[in-house]
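The structure appears right after this line, and notes come after that.
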Amino acid sequence: MGFLTPLFLIGLAGLAIPVLIHLTRQEKGKPLRFPSLMFLRRIPFEETSKRRIRHWALLAIRLAALALLVAAFARPFVRGGALASVGGPGPEEVVILLDRSYSMELGDHWRQAVARAGEVAAALRPQDRVSLVTFSETPHLVHRSISDPARIAATLDTLRTGSLATRIGPTVKVARSTLAASELPRRRVVVISDFQRAGWRPDPDATLPAEVTVEAIAIGEGSAANLALSDLGLHRESAGARERVTVSARLVNTGAAATTTEVTLAVDETGIGTASVTVPAGGAVPVAFAPFTLTHPFTRGEVRVAEPSGTGLSEDNTLHFVASPGGDLQVLIVDPLGQGDSNLHLRGALGIAEGAGFRTRLLRGAPGGSQLESADVVVLNAAPFPGGEAGDRLRGFVKDGGGLLVALGRRSSVPSVHADFFPATIGPVSEGGGERRIGFVDYDHAVFEAFLGPRSGDFSRAAVYRTRRLDVTDGRVIARFDDGSPALVEGRPGKGRVLVWATGLDRFWNDLPLQPVYLPFVHRMTRFLGGRGEVPAWHLAGTTVSLSALAEAGADLAIPPGAVAMEPGGGSVALDPETSLLRLDSRGIWEIRPPGERPEHPVAVAANVDVAESDMTRMDIEEFLAAVGGGPGAAEAAGDTTPTNTSTAEPRAEDFEGRQSFWRYLLAAVFLLMVSETVLANRLSRRRTDGETGAPRPPGSS
Amino acid sequence: MATATPRARASFLDPTVLARIDNLQLLARTVVDGFLQGIHRSPYLGVSMDFAEHRPYMPGDDIRRIDWRLYARTDRFYIKQFEAETNADVGFLLDTSASMGYASGEVTKLDYGRFLTACLAWFSAGQKDRVGLYAFDSDVVEHVRPSAAHLDKVLHALARVGAERRGAWDRPLARVANTFVRRGILVVVSDFYDDPDEISEGLGFFRAQGHDVVAFQVLDPAEIDFPFTQATNFEDLETRRILPVKPEKYAAAYREQVRGHIDRLGGRFGKQGVDHVLLNTAEPLDEALYAYLVLRQKMVRSPR
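Line by line, the protein sequences give chains W and Y. Each number in my numbering comes from the position in the first sequence (counting from 1) with 83 added on. Each number in my numbering comes from the position in the second sequence (counting from 1) with 14 added on.
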């Protein structure tokens, strides 16, 4: 038994008031001033009778009413026993948000979180309803508005932490939508998490209505010693016909003491290098291994740090990668007119490359069959499309999967028989009217996606003096000049690819070769045409990758028909045959292969955890609660939140009192007592008057 | 002496209306003039035009009052004298003890006495009487010597007095006896809350001196009717003594006591030749004015 506002109990001193009134009522009245009392006989009142309480029942009723009134204002409540669950304004809808990001595997955090979630569910009354939402990168509504705490408990026993990072914002939105569908009068959201700072970004949409009470149950201490690998990089370089890869990574130590440990590189599950590393407290050191040769496609590798068991997180101790040997692209530059200077910049650009590069040949004449067979990409730099058999061969080369880059010049032309082969009709030379610049590029295209980021290349700095007008017939414009005319058009005849550049690749019609973007631009166009797009060695766990887009970028990544994605921990995920979208929900190597088949080198994709999750620094929970909004419970919860994670687990006195609301019953009792007092006082007064006046009493009166 | 009077219920005689007039001179003039118009009498009723006697002309007499017919017959100057020229001193004794401050309605007994005194003073001044004032409680607190030119002083003194202290009769009457020496009229306005024998004895002294004395006993209706019903503590305005009283049991006895006091007072005054007029503060002033008018007429008809 307790009182929410015990100071009101001082009002119990008022119990003396009715007694005093009974004893002194008529002696303390304000006197009536009168000219002279010489005629008034002094008649003392019946003081002895006045000072004797005659109507004990009346006095008792008045005292009881006053005592109950005082008790009602003190707002009593009961913490335990059967009365603890009595009353309340109505059933409650509770949404439990349970963090199952990989940081929750630290120590016994996950066990604590599950226990707290179970306690919240078990404390609910039969008329309450509860929803369970687990979250990491994305929320997952496990149970929606059920009134069976046993099911919640059973589900909690089956849950485990994942490989993904914390993102609280989307989870709050799910809680809001869940509560919006509820018709129960009281609503509460309980967030159970380690509240990492990296997991919360203020989001105006991630808020809760004011009537929702938000409780934050913080798990853990807000910091922990941990070793984490990050920044995995693969440096490729050509070594003859082979390609060698140097693997590097960074080892981060968030502990308070320096740590010496071993970092191992394994390729195809075979360790090929080990480095002993000492990481200072709160510091990081780079780790690099000796290069190894890529011998087959989808070579799998992993970098592993040996962290003492029981300390730190295990998910961030391993980084995975998948790499395939690329080899040099064979580029055939056709220059039938023998203008060597016109290819100077182009050949120079193709001669510079890291890792898998380009082997260029300059052809003085129409390309022959053998020459095309050994070529991956043909470049017509200001040269006409060959006619006759040569043209047919070139056309066949492209349709069979070859790449053709046509940089237009004054002599560029396309025979009418091959006009349908081109994505655009080549028009006359457009000159005069001042220089033009590249005004638009399609950063979604593989050629330009590398230039999307800031300071990743500025095409608008290149001045263009002359162009050939392009009338697009069956192509996609992926770059335009600032006057809106097409600058680069892509065509897909057959299995091959064609890019038509409306101006030259030399310095005669523009100064692009003098710009920094020239070299990567030429490289990316050539790689795109040769089917050698960049395939990431690994992806962040939790992201969704398009396998078809990866296959388009890399010629070797062909998705076999009927393939499924085999999860790193077992199990498989069916792929949409059109989009081939795959969400990498867990860390490790994902294999894409037809079910039941075991190819020697199956298509594989690597996924690594987001190391931001390894930072256990806790966010400001008060700030979180203020940003999320909700009712008064939010602020109070924030005030109670302590690093010892016992923040709001204990029900508050306000909760008990608000649920029980005994004061309502007390006021009702006061009302009834006052009615009784009025009736009794009237009867007593009437009886006394009758007795004094000697009036005959009605028959039957006592 | 309770005089039966016609009830001229004019609003200018209503005490509650008069209580809203601050200027006592205006109040008195309004009341007296209105009263006289209501009874259709001459405003100079006291100034009789009846011839009394002749006397030889003396230097300084108003030559307009020379009887020229007698001069024609006797060749001597004679002055005509009339009865009304025997004007008197009128002394007003106003009780200002604390008990006079009581009011169950809007008008206190002191206010009522103030109005009455002002009206009578105005009336007397109109009769060429010399008016003076003695306001007293346990002593004389305001004294205006009787004079034909002291009406304003009387009115101003009336405006100043308040009912604050206990009252007594011995000392004030002794001081009045020392200063009011010429035969005249003494008008006593009080609630007479004292022993009737003592009061009548004091006023009888003035009768023995040849003064005409009229006693206006001013009482509040609540003092007469005692309308209280709730058991209450009563506080004496003068003694500040508090008495618990159960009115429903003792109201009748109280009324009997008051009636007896008034009757005893009237009987004692009658023996002493003092006119006694009981006034109710809820009643208009005309009864008092009539009583005074009768007294003044009596004086005129029977010159001393």
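In this text, a Cβ means the ideal position worked out from N, Cα and C, and glycines have one as well.
8 Å Cβ cutoff met for residue i and residue j
i      : j      : result
W:L239 : W:H226 : no
Y:T131 : Y:L108 : yes
W:G574 : W:D554 : no
W:H622 : W:A687 : no
W:G579 : W:D483 : yes
W:W673 : W:E650 : yes
W:F441 : W:D411 : yes
W:V346 : W:L334 : yes
W:L402 : W:V386 : yes
W:F278 : W:R544 : no
Y:F219 : Y:A191 : yes
W:S119 : Y:D250 : yes
W:V489 : W:V583 : yes
Residue i at chain W interface by Cβ criterion, 8 Å
i      : result
Y:Y116 : yes
Y:H275 : yes
Y:V259 : yes
Y:E252 : yes
Y:S62  : Legend: pLDDT at Y:S62 = 45, less than 50; position of this residue unreliable, no value from coordinates given.
Y:I238 : no
Y:F206 : no
Y:I256 : yes
Y:L59  : Interpretation of Y:L59 is limited by its pLDDT of 39, a score under 50 that renders its predicted location unreliable; no figure is taken from the coordinates.
Y:S113 : yes
Y:L303 : no
Interface flag, residue i vs chain Y, CB-CB below 8 Å
i      : result
W:P159 : no
W:K133 : Only weak support exists for where W:K133 lies, its pLDDT of 48 falling under 50; the coordinates are left without a value.
W:P174 : no
W:S39  : Given that chain W is displayed from residue 84 to residue 785, the structure contains no residue 39 of chain W and the question cannot be resolved.
W:G97  : no
W:A717 : With a pLDDT of 43 at W:A717, under the threshold of 50, the modelled position of this residue cannot be trusted, and the question is left open.
W:P127 : In this predicted model, W:P127 has a pLDDT of only 45, less than 50, meaning its place in the structure is not dependable; the value taken from the coordinates is given anyway. Closer than 8 Å to some Cβ of chain Y, the Cβ of W:P127 qualifies, so yes.
W:D723 : Only weak support exists for where W:D723 lies, its pLDDT of 40 falling under 50; the value from the coordinates is given anyway. So no, W:D723 is outside the interface.
Cβ of residue i within 8 Å of any chain C Cβ
i      : result
W:S768 : In the structure shown, chain C cannot be found, because the protein chains are W and Y.
Amino acids of chain W, ordered along the chain, whose beta-carbon sits closer than 9 Å to that of residue i
i      : result
Y:Q231 : Result: empty, since nearest Cβ-Cβ is about 12 Å, beyond 9 Å.
Y:V272 : F122
Y:E67  : Correct list: empty, because the minimum Cβ distance to chain W is about 51 Å.
One or two residues paired with residue i in a DSSP bridge
i      : result
W:A436 : Paired residue(s): none; W:A436 is not in a bridge.
W:E176 : W:R212, W:R270
W:S663 : Paired residue(s): none; W:S663 is not in a bridge.
W:S313 : W:R333
Y:D103 : Y:R144, Y:G198
Y:Y92  : Y:P70
W:N593 : W:V547
Y:S204 : Y:Q231
W:A358 : W:V346
W:E573 : W:R559, W:L582
W:S397 : Its beta-bridge partners do not exist; DSSP assigns none.
Contacts of residue i in chain Y (Cβ-Cβ under 8 Å)
i      : result
W:L115 : F242, T246, N247, F248, E249
Original post:
How do the stretch 108–116 of chain Y and the stretch 177–192 of chain Y stand: do at least 3 beta-carbon pairs fall below 8 Å, yes or no?
Top reply: Cβ pair count under 8 Å is three or more, so yes.
Original post:
Any contact of the stretch 492–512 of chain W with the stretch 464–477 of chain W, i.e. 3+ C-beta pairs under 8 Å?
Top reply: Result yes; three or more Cβ-Cβ pairs closer than 8 Å.
Original post:
Should the stretch 197–216 of chain Y be called in touch with the stretch 224–232 of chain Y, which here means at least 3 C-beta pairs below 8 Å?
Top reply: Taking one beta carbon from each stretch, the stretch 197–216 of chain Y and the stretch 224–232 of chain Y have 3 or more pairs nearer than 8 Å; the two touch.
Original post:
Quick check: the stretch 583–602 of chain W against the stretch 445–456 of chain W, are there 3 or more CB pairs under 8 Å?
Top reply: Too few Cβ pairs lie closer than 8 Å, so no.
Original post:
Does the pairing of the stretch 279–292 of chain W with the stretch 253–266 of chain W give three or more beta-carbon distances under 8 Å?
Top reply: Yes: at least three Cβ pairs fall under 8 Å.
**OP:** Examine the Cβ distances between the stretch 255–268 of chain W and the stretch 191–209 of chain W and report whether three or more of them are shorter than 8 Å.
**Re:** Output reads no: the stretch 191–209 of chain W does not touch the stretch 255–268 of chain W.
Original post:
How do the stretch 146–160 of chain W and the stretch 753–766 of chain W stand: do at least 3 beta-carbon pairs fall below 8 Å, yes or no?
Top reply: Contact between the stretch 146–160 of chain W and the stretch 753–766 of chain W is present, because at least three Cβ pairs lie under 8 Å.
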